[in-house]
Amino acid sequence: MFGKKCFTTGKGRKPFVSFFQDCMVFELTGADHTQALILEGAHLFDPSGKGRAMKEWVQVPFNHVVAWPSFSDAAHRHVLSL
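Okay, so the sequence shown: first residue is 14 according to this note's numbering, each after it adds one.
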């Protein structure tokens with residue numbers, strides 16, 4: 014995804030999590046999206062840096078590494094439901 018390593022579903026190989034600038038980036042919706050965004054340093058993913066953030070993708074910094082597995086699970090469930 015965007016030239017970065019990522020995890021994809023087996024179904025259609027759609028990405029749901031990626032590593033970017035020492036952060037993990039997750040495709041999230043609903044309460045999971047809200048919970049990720051309230052973490053200090055987390056923000057909507059803007060890979061170009063030009064103010065065109067991807068609305069469902071949240072970039073979560075390394076200092077929240079303990080939360081990464083649960084966000085990864087949520088992102089995987091979300092993408093499989095598409």
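Using N, Cα and C, we set each Cβ at its ideal position, and we do this for glycine too.
Note that the structure is predicted; figures quoted are calculated from it, not measured.
Alpha carbon to alpha carbon, how far is residue j from residue i? Give it in angstroms, no decimals.
i	j	result
D86	S94	12 Å
C36	H89	17 Å
L52	W70	14 Å
A55	K68	13 Å
G23	H77	27 Å
D45	K63	25 Å
So, helix, strand or coil for residue i, using DSSP?
i	result
P28	strand
T22	coil
Q72	strand
L93	helix
L57	strand
Take the Cβ of residue i as the centre, count every other Cβ of all protein chains shown within 10 Å, and call the residue buried at 16 or more, exposed below.
i	result
V92	buried
V38	buried
V79	exposed
Q72	buried
Between the beta-carbon of residue i and the beta-carbon of residue j, is there less than 8 Å?
i	j	result
L41	F75	no
D59	A66	yes
Starting from the C-beta of residue i, find all residues in its chain whose C-beta is less than 7 Å away, skip the five residues before and the five after it, and write them out in chain order.
i	result
F32	K17, K18
In its own chain, which residues sit with a C-beta less than 8 Å from the C-beta of residue i, not counting the 5 before and 5 after it?
i	result
F7	Residue 7 cannot be examined here, being either before or after the span of the chain that is shown, 14 to 95.
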